[in-house]
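These notes concern the structure reproduced below.
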Ligand SMILES: C[S@@+](CC[C@H](N)C(=O)[O-])C[C@H]1O[C@@H](n2cnc3c(N)ncnc32)[C@H](O)[C@@H]1O
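In this note's numbering, the protein residues as written are 5 to 280.
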């Protein structure tokens, strides 16, 4: 029944989502749900599951309804006001880990995350590189709160600052690696966004300042000599069409830069080296 309801609402992953939502409302995992299939449900249980399915039918993202999303193998709490972590963002963690491992430092690596949202990048980096000192910043109070919660819940040592990213991080630099997944969507793209994104995720996390998708890349490149240590790296997540443009921007400013593709072969990350 739950599956058919979501199918009628046009949701492609109806079966998986129905299982996730019903098991969540019953306080079970998916295996527990299968074990309980023969058990009759109380009217409260039916009402509880129905409420969650109705929310999903209105296209609220599953992650907000169940309050969590997995990133790099760990469960992050997410709520409205905070971007839901995306799988492609994990690429930033992979690259940052490789760069830090190759640095052969005799001091703890210092890492920064600008626009931390749920804290998925900062917390994951702190856990994957335990010797690192990680500082994260977000202008949104909800995001800063959520990032602090996730750091504590997952046992990561991350200092989370609330305020404008560069203004917060510059006085705390320079860093060996700065990662950022900044807002890069243009207003002209708004109508083409999925309702889950357009109607539920925060504008502040989605839309580029001044409607310029390259705004943050430009700002970070200008700040690069001050914010990165010699030999340090800047890693920025990009929108699907930004790659060639921002690569040119970085190389024209005299930096060694390259693009990394995600699994869909989209140039997803700009990597810029500060040079020695
Ligand atoms: C695309 S989301 C990325 C969130 C998270 N890092 C992730 O990858 O899931 C961009 C984040 O940047 C934050 N942000 C927007 N403008 C900012 C600013 N001026 N300074 C700091 N953070 C900002 C938003 O609040 C949002 O959390």
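Idealized CB from N, CA, C, for every residue including glycine.
Along the chain, where does the beta strand (DSSP E) containing residue 179 start, and where does it finish?
To locate residue 179, count along the chain shown from 1; it is residue 175. For residue 179, the uninterrupted beta strand (DSSP E) run begins and ends at 179–184, by DSSP.
Whole-number beta carbon distance between residue 215 and residue 190, since they are thought to touch under 8 angstroms:
Within the chain shown, residue 190 is the residue found at index 186, counting from 1. Within the chain shown, residue 215 is the residue found at index 211, counting from 1. Distance from residue 190 to residue 215 at the Cβ level is roughly 6 angstroms; contact confirmed, criterion being Cβ atoms closer than 8 angstroms.
Got a sec: does ligand 1 put a non-hydrogen atom nearer than 6 angstroms to the Cβ of residue 215?
Reading the chain shown from its first residue, position 211 is the one you call residue 215. Between ligand 1 and residue 215, a heavy atom-to-CB distance of less than 6 angstroms is absent.
Do the CB positions of residue 177 and residue 99 come within less than 7 angstroms of each other?
By one-based count along the chain shown, residue 177 stands at place 173. By one-based count along the chain shown, residue 99 stands at place 95. No.
When burial is assigned at 16 or more other CB atoms within 10 Å of the CB, is residue 65 buried or exposed?
Locating residue 65 in the chain shown gives position 61, where the first residue counts as 1. Per the 10 Å Cβ criterion, buried.
Own chain residues within Cβ distance below 8 angstroms of residue 60, not counting five before or after:
Locating residue 60 in the chain shown gives position 56, where the first residue counts as 1. Excluding its 5 nearest sequence neighbours in each direction, residue 60 has C-beta neighbours in its own chain below 8 angstroms: 10, 13, 15, 21, 25, 66 and 69, listed in chain order.
On the three-state DSSP scale, how would you describe residue 222?
Translated into the one-based positions of the chain shown, residue 222 becomes position 218. Three-state result, residue 222: helix.
At a cut-off of 6 angstroms, is residue 168 close to ligand 1 when judged by its beta-carbon and the heavy atoms of the ligand?
Along the chain shown, read from residue 1 onward, the residue named residue 168 stands at position 164. Yes, Cβ of residue 168 sits closer than 6 angstroms to a heavy atom of ligand 1.
Examine ligand 1 and report whether any of its heavy atoms sits within less than 6 angstroms of the Cβ of residue 185.
What you label residue 185 is simply residue 181 of the chain shown in a count that begins at 1. Checking the Cβ of residue 185 against ligand 1 gives yes.
Between which two residues does the alpha helix (DSSP H) harbouring residue 315 extend?
A query on residue 315 cannot be resolved here, the shown segment of the chain reaching from 5 to 280 and no further.
Given a threshold of 16 other Cβ atoms within 10 Å of its Cβ, counted over all protein chains shown, does residue 58 qualify as buried or as exposed?
The residue you call residue 58 lines up with position 54 of the chain shown. By the 16-neighbour rule on beta-carbons within 10 angstroms, residue 58 is exposed.
Do you know whose CA, among 254, 158, 212 and 257, lies nearest residue 74's CA?
Start at 1 with the first residue of the chain shown, and residue 74 comes out as number 70. Residue 74 has its Cα closest to that of 158, out of 254, 158, 212 and 257.
Chain-order list of residues whose beta-carbon lies under 8 angstroms from that of residue 187 (same chain, five-residue window excluded):
Locating residue 187 in the chain shown gives position 183, where the first residue counts as 1. These residues qualify, in order along the chain: 119, 208, 209, 210, 211, 212, 213 and 220.
So, residue 251 versus residue 244, is the Cβ gap smaller than 7 angstroms?
Translated into the one-based positions of the chain shown, residue 251 becomes position 247. Translated into the one-based positions of the chain shown, residue 244 becomes position 240. It is not a contact, given that the beta carbons lie outside the stated cut-off.
Keeping to the same chain, check which residues put their C-beta closer than 6 angstroms to that of residue 265; ignore five residues upstream and five downstream.
Mapped onto the chain shown, residue 265 falls at position 261. Once the five neighbours on either side are set aside, the close Cβ partners of residue 265 are 271.
Do the segment 169–185 and the segment 102–119 make contact, defined as three or more Cβ pairs closer than 8 angstroms?
Verdict: yes, contact present.
With H, G and I counted as helix, E and B as strand and the rest as coil, what does DSSP make of residue 160?
Counting from one through the chain shown, the residue named residue 160 turns up at place 156. Judged by DSSP in its simplified three-state form, residue 160 adopts coil rather than helix or strand.
If you draw a straight line from the C-alpha of residue 164 to the C-alpha of residue 131, how long is it?
As a working note, residue 164 is residue 160 in the chain shown. As a working note, residue 131 is residue 127 in the chain shown. Taking the straight line joining both Cα atoms gives about 15 angstroms.
Span of the beta strand (DSSP E), counted from its first residue to its last, around residue 262:
Locating residue 262 in the chain shown gives position 258, where the first residue counts as 1. Its beta strand (DSSP E) spans residues 260–265.
Range covered by the beta strand (DSSP E) that runs through residue 116:
Against the chain shown, residue 116 aligns to sequence position 112. Note, residue 116: beta strand (DSSP E), 114–118.
Just how far apart, CA to CA, sit residue 277 and residue 256?
Within the chain shown, residue 277 is the residue found at index 273, counting from 1. Within the chain shown, residue 256 is the residue found at index 252, counting from 1. For residue 277 and residue 256, the distance between alpha carbons rounds to 13 angstroms.
Alpha carbon to alpha carbon, how far is residue 103 from residue 237?
If you number the chain shown from 1, residue 103 lands on position 99. If you number the chain shown from 1, residue 237 lands on position 233. Residue 237 has its alpha-carbon roughly 8 angstroms from the corresponding atom of residue 103.
Strand pairing of residue 139, partner residues [DSSP]
Here residue 139 is taken as the residue at index 135 of the chain shown, counted from 1. Within the DSSP secondary-structure output, residue 139 pairs in a beta bridge with 116 and 163.
Quick check: the Cα distance between residue 206 and residue 194, rounded to an integer number of angstroms?
The count along the chain shown starts at 1 and reaches residue 206 at position 202. The count along the chain shown starts at 1 and reaches residue 194 at position 190. Near 12 angstroms, if we compare the C-alpha coordinates of residue 194 and residue 206.
Same chain only: Cβ atoms within 8 angstroms of residue 234, ignoring 5 sequence neighbours per side:
Translated into positions along the chain shown, residue 234 becomes position 230. Cβ within range, chain order: 278, 279 and 280.
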